[in-house]
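S.K.:
There are 2 protein chains.
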Amino acid sequence: MKKSRKTTLSDLSKALNLNISTISRALNDHPKVNETTKKLIKEKAKELDYRPNPLAQGLQKQNTKTIGVIFPTFDTNFFFRVLKGIEKMMHESGYQIIISTAGESRIQEKKAIQSLSSYHVSGIIVFLSFEHEDPSFLIDIQDEGIPLLFMDRIYEEIDANYVISDDFVGMYDTVNQFISKGTKNIIHLQGNLQISTAFNRLLGYKEALLKNKISLNPDFIIPCQHQTEVKTGLRNLFSKYALEDIDLITCYNDYYAFQALEFLKENNIRIPQDIQLLGFANEPLSVYTSPKLSTINQPAEEMGVIASEMILQEIQHNQQGESYQFLTKKMSTFYLKRESTLL
Amino acid sequence: MKKSRKTTLSDLSKALNLNISTISRALNDHPKVNETTKKLIKEKAKELDYRPNPLAQGLQKQNTKTIGVIFPTFDTNFFFRVLKGIEKMMHESGYQIIISTAGESRIQEKKAIQSLSSYHVSGIIVFLSFEHEDPSFLIDIQDEGIPLLFMDRIYEEIDANYVISDDFVGMYDTVNQFISKGTKNIIHLQGNLQISTAFNRLLGYKEALLKNKISLNPDFIIPCQHQTEVKTGLRNLFSKYALEDIDLITCYNDYYAFQALEFLKENNIRIPQDIQLLGFANEPLSVYTSPKLSTINQPAEEMGVIASEMILQEIQHNQQGESYQFLTKKMSTFYLKRESTLL
DNA sequence: ATGGAAATTGCAAACGTTTGCATTGTCTTG
DNA sequence: CAAGACAATGCAAACGTTTGCAATTTCCAT
Chain Z
1 MKKSRKTTLS DLSKALNLNI STISRALNDH PKVNETTKKL IKEKAKELDY RPNPLAQGLQ
61 KQNTKTIGVI FPTFDTNFFF RVLKGIEKMM HESGYQIIIS TAGESRIQEK KAIQSLSSYH
121 VSGIIVFLSF EHEDPSFLID IQDEGIPLLF MDRIYEEIDA NYVISDDFVG MYDTVNQFIS
181 KGTKNIIHLQ GNLQISTAFN RLLGYKEALL KNKISLNPDF IIPCQHQTEV KTGLRNLFSK
241 YALEDIDLIT CYNDYYAFQA LEFLKENNIR IPQDIQLLGF ANEPLSVYTS PKLSTINQPA
301 EEMGVIASEM ILQEIQHNQQ GESYQFLTKK MSTFYLKRES TLL
Chain W
1 MKKSRKTTLS DLSKALNLNI STISRALNDH PKVNETTKKL IKEKAKELDY RPNPLAQGLQ
61 KQNTKTIGVI FPTFDTNFFF RVLKGIEKMM HESGYQIIIS TAGESRIQEK KAIQSLSSYH
121 VSGIIVFLSF EHEDPSFLID IQDEGIPLLF MDRIYEEIDA NYVISDDFVG MYDTVNQFIS
181 KGTKNIIHLQ GNLQISTAFN RLLGYKEALL KNKISLNPDF IIPCQHQTEV KTGLRNLFSK
241 YALEDIDLIT CYNDYYAFQA LEFLKENNIR IPQDIQLLGF ANEPLSVYTS PKLSTINQPA
301 EEMGVIASEM ILQEIQHNQQ GESYQFLTKK MSTFYLKRES TLL
């Protein structure tokens, strides 16, 4: 394993008999270096295939052209779609992306963020799934001058950019709409409440019932930590209730809905004639089921794009010493009727 | 935007009145530093929340604990599943992941790789989609001491680790099996042949026919650059052939198959009774269609895991100056019968 | 010619580590 | 008690940049 060294500034310096600082300035198009020498240097640089060392640059400038992205886990397609949006914008702007998953615990979330901070990333886009009773470490990161952008969750205490999708309103509006058109008995397959999105979707469901003065039947809220628990949950439900007792099943997300779909099909329950089914997220797969899944659309890729734009803005402002006004962008969600619902 | 500085070795050095080198050694558990001082130093480090600066370390050691991953594009779920496998292994081993997409051109592929190299990543996992007439830049990277692992494509000229899924055999075996059980008229929806996987899958199809002395009907190979062209392709086919003339449609990948599925349903063609349909890749969505899609399984996540293990092995060997024997791991693909086929 | 401003280039410190070598201190042993 | 061995620590260079300041050169107006 022979190691061929890379050309450095000092190589160029020797080759051209010019001081290293002149070389550096020339390559950075610093105004006060002679145009002729500049050209000379650039040519030589190309000839020797000089490429700057981002580590050295980062160390010196305390800032790498790199964005950190932290996901909770990789188990839903939604995150990948967001990532796709981020990756598109960032690479257009010449930024590298470092990804990290936070896994299951608060501690891991914290570690992941700190690790990114020590890489001197230019900014961090975070999906935090857990509540942090003491989010001060987040403020610490900001104090280091690293812009933080939060996705899908708001911390009142923290002044930052936010991109959230309106989980609450999405569910609330849709359920409300169904009720107002006469739908009565509505189930909710509830996700892990530690995750804020699950919490907000449940809340939307409850509030819609409340507003319409429908009393909450606790049996109608089926808690599932994971999509694998959906079928059991439904089995329990139907051991207690008849088909006619149920009009619509709403779900924490599309994956829950897929499970429900399978369950219903297995039991020869017709969708939507016997029971209607509603997902959440509009995962790409939802077009391919049959019947095609009605769902609540969440513009995943667009969220990635917007988040990227916002954080790049903030970075740019900071670099130029301008003040910057934080924004909260609420991405609207909307009911998307396909075949698994009637209304 | 106040900037709170991070604690560095020299901060610790001052605080403890010890030389910086002792601090460094202590924290790296170097044997020749007194156990008591070691403990002292570590405590202080924790107290001041010292975290090493990976940039400085990388610059010094010419190696960051970072793995680069290059994808062609992000438009199929397959890559995400591989990424999931990679991310799992790498974070277990304390490596960060930098991702990059190569986009549409050879030039971009080359740039992406070189950019990663200048980040002094410890290794690069690459999906290259294009043929490179001059792959010498890849060898250059290796010469810099950066292990390269190729996914899904073999370069005869380049000695490296490879993880490939057996596209050819997967398609060949399956088609062969169908023929031997009496299936006659088999279509292939062919992908973009610039991409090696598309090429190999087509080849598998052709060879299977050849082996069984079935003459190739050029009409039966329908070239589609993209899944969006599938329906048009099929429309053309059926303008020339009757339903009875076709027994089975094989596809470049599951997404092509999904399109075909829609087309067939739209035209009230029953699957699999009238026409059978076979995908490729076993994308997660293929369970949710109806009928459920039969496909050829490709163990995506596992490929990511294996690739990670292999490249970590190589890195470790290199670091210890041991010699390392390159491997080529061929992941087996297999026919997965679900509901869209009969056999 | 000549003073001085402006343009160009060079010097050296700094970013935060790691590590070979030199130095100091401590202990053992004959 | 001296000397050598070993343990512990310190010194300084190196990784490849950037950048404020100093030094040099060029040029123009007087």
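Those sequence lines, one after another, are chains Z and W. Using the UniProt record's numbering, the letters of the first sequence correspond one by one to residues 1 to 343. Using the UniProt record's numbering, the letters of the second sequence correspond one by one to residues 1 to 343. For glycine and all other residues, C-beta sits at the position ideal for the given N, C-alpha and C. These numbers come from a predicted model, not from an experiment.
1) Quickly, what does DSSP pair residue 297 (chain W) with across the bridge? List them, please.
2) Taking residue 189 (chain W) as the reference, which of W:199, W:249, W:228 has the closest Cα?
3) So that I know if they touch, is there some Cβ in chain Z lying closer than 8 angstroms to that of residue 353 (chain W)?
4) Does chain W have any CB closer than 8 angstroms to the CB of residue 280 (chain Z)?
5) For residue 210 (chain Z), count neighbouring C-beta atoms within 10 Å of its own C-beta (all shown protein chains included) and say buried if the count is 16 or more, exposed if not.
6) Just checking: is the beta-carbon of residue 80 (chain W) within a distance shorter than 8 angstroms of some beta-carbon in chain Z?
7) Can you give me, in chain order, the residues of the segment 286-300 of chain Z that have a beta carbon less than 7 angstroms from any beta carbon in chain W?
8) Which value, in whole angstroms, describes the spacing of the CA atoms of residue 241 (chain W) and residue 192 (chain Z)?
9) Using a C-beta cutoff of 8 angstroms, does residue 65 (chain Z) count as contacting chain W?
10) Report the start-end ranges of each beta strand (DSSP E) in the segment 128-199 of chain Z that is 3 residues or longer and not cut off at the edges.
11) Between residue 125 (chain W) and residue 307 (chain W), which are expected to be in contact by the criterion C-beta below 8 angstroms, what is the C-beta distance as a whole number of angstroms?
12) Does the segment 119-134 of chain W come into contact with the segment 62-70 of chain W, if we say contact requires no fewer than three beta-carbon pairs (one atom in each stretch) closer than 8 angstroms?
13) Mapping the DSSP letters down to three states, classify residue 224 (chain Z) as helix, strand or coil.
14) For chain W, is any of its Cβ atoms less than 8 angstroms away from the one on residue 98 (chain Z)?
15) Cβ of residue 127 (chain W) less than 8 angstroms from any chain Z Cβ?
16) Hey, could you find the ends of the beta strand (DSSP E) residue 326 (chain Z) is sitting in?
17) Grouping DSSP H, G and I as helix and E and B as strand, with all else coil, what is residue 348 (chain W)?
18) Whose CA, out of W:53, W:214, W:197, lies closest to the CA of residue 182 (chain W)?
19) Quick check on DSSP: helix, strand or coil for residue 250 (chain Z)?
20) Using the beta-carbon of each residue, which ones in chain W are nearer than 7 angstroms to residue 54 (chain Z)?
21) Let me know the alpha helix (DSSP H) ranges lying completely inside the segment 54-142 of chain Z, each 4 residues or longer, listed in chain order.
22) Grouping DSSP H, G and I as helix and E and B as strand, with all else coil, what is residue 341 (chain W)?
23) Three or more C-beta pairs under 8 angstroms: does that hold for the segment 294-305 of chain Z against the segment 272-282 of chain Z?
24) Could you name the residues of the same chain whose beta carbon sits closer than 6 angstroms to that of residue 208 (chain W), not counting the 5 residues immediately before and after it, in chain order?
25) Please state the DSSP three-state secondary structure of residue 217 (chain W).
26) Beta carbons nearer than 8 angstroms to chain W: which residues of the UniProt domain "HTH lacI-type" (7-61) of chain Z have them?
27) Skipping 5 residues on each side, what residues in its chain have a beta carbon closer than 6 angstroms to that of residue 167 (chain W)?
28) Under the rule that 16 or more other beta-carbon atoms within 10 Å means buried, what is residue 34 (chain Z), buried or exposed?
29) Using a Cβ-Cβ cutoff of 8 angstroms, what residues of the segment 314-329 of chain Z are near chain W? List them in chain order.
30) Starting from the Cα of residue 262 (chain Z), find the closest Cα among W:102, W:287, W:262, W:273 and give me that residue.
31) Are there 16 or more other CB atoms within 10 angstroms of the CB of residue 216 (chain W), so buried, or fewer, so exposed?
32) Within the 8 angstroms Cβ cut-off, does residue 144 (chain Z) reach chain W?
M.R.: Per the coordinate set shown:
1) On the second sequence, position 297 is the one that residue 297 (chain W) refers to. DSSP output for residue 297 (chain W) lists W:281, W:334 as bridge partner(s).
2) To locate residue 189 (chain W), count along the second sequence from 1; it is residue 189. Nearest C-alpha to residue 189 (chain W): W:249.
3) Since the first residue of chain W shown is 1 and the last is 343, residue 353 (chain W) is not available in this structure.
4) The residue labelled residue 280 (chain Z) in the question sits at position 280 within the first sequence. With 8 angstroms as the cut-off, residue 280 (chain Z) does not count as an interface residue toward chain W.
5) Here residue 210 (chain Z) is taken as the residue at index 210 of the first sequence, counted from 1. Exposed, because fewer than 16 other Cβ atoms sit within 10 Å of the Cβ of residue 210 (chain Z).
6) Position 80 of the second sequence, counted from the first residue, corresponds to residue 80 (chain W). Interface residue, yes.
7) 288, 289, 290
8) In the second sequence, residue 241 (chain W) corresponds to position 241, counting from 1. In the first sequence, residue 192 (chain Z) corresponds to position 192, counting from 1. Cα to Cα, residue 241 (chain W) sits roughly 52 angstroms from residue 192 (chain Z).
9) The residue given as residue 65 (chain Z) occupies position 65 in the first sequence. Not an interface residue.
10) 148-151, 161-165, 186-190
11) Numbered from its first residue, the second sequence carries residue 125 (chain W) at position 125. Numbered from its first residue, the second sequence carries residue 307 (chain W) at position 307. The Cβ separation is near 5 angstroms, so the contact holds.
12) yes
13) Position 224 of the first sequence holds residue 224 (chain Z). In this structure, residue 224 (chain Z) counts as coil in the three-state DSSP scheme.
14) Sequence index remark: in the first sequence, residue 98 (chain Z) carries index 98 (1-based). Output row for residue 98 (chain Z): interface = yes.
15) Within the second sequence, residue 127 (chain W) is the residue found at index 127, counting from 1. Not an interface residue.
16) For the purposes of this step, residue 326 (chain Z) is identified with residue 326 of the first sequence, where counting begins at 1. Taken as a continuous stretch (DSSP letters only), residue 326 (chain Z) belongs to no beta strand (DSSP E), as it is neither H nor E.
17) Any property of residue 348 (chain W) remains undetermined from this structure, which presents chain W solely from 1 to 343.
18) Position 182 of the second sequence, counting from 1, holds the residue named residue 182 (chain W). The candidate whose alpha carbon is nearest that of residue 182 (chain W) is W:214.
19) Looking up residue 250 (chain Z) in the first sequence gives position 250. Residue 250 (chain Z): strand per DSSP, three-state reduction.
20) Walking along the first sequence from the start, residue 54 (chain Z) turns up at place 54. Neighbours of residue 54 (chain Z) on chain W, chain order: 118, 119.
21) 54-61, 77-92, 106-118
22) The residue given as residue 341 (chain W) occupies position 341 in the second sequence. It is coil, neither helix nor strand.
23) yes
24) Taking the second sequence and counting its residues from 1, the one referred to as residue 208 (chain W) is at position 208. The residues are 172, 175, 176.
25) Translated into positions along the second sequence, residue 217 (chain W) becomes position 217. Coil at residue 217 (chain W), not helix or strand.
26) 51, 52, 53, 54, 55, 56, 58, 59
27) As a first step, residue 167 (chain W) is located in the second sequence; it is residue number 167 there, counting from the start. Only 197, 200, 201 meet the Cβ criterion.
28) Within the first sequence, the letter at position 34 stands for residue 34 (chain Z). Under this definition residue 34 (chain Z) is an exposed residue.
29) 318
30) As a first step, residue 262 (chain Z) must be located in the first sequence, where it is residue number 262. If we check each option's Cα against that of residue 262 (chain Z), W:287 comes out closest.
31) On the second sequence, residue 216 (chain W) is found 216 positions in, with the first residue counted as 1. The residue in question, residue 216 (chain W), is exposed, as its Cβ has fewer than 16 Cβ neighbours within 10 Å.
32) In the first sequence, residue 144 (chain Z) corresponds to position 144, counting from 1. Chain W contact via Cβ: present.
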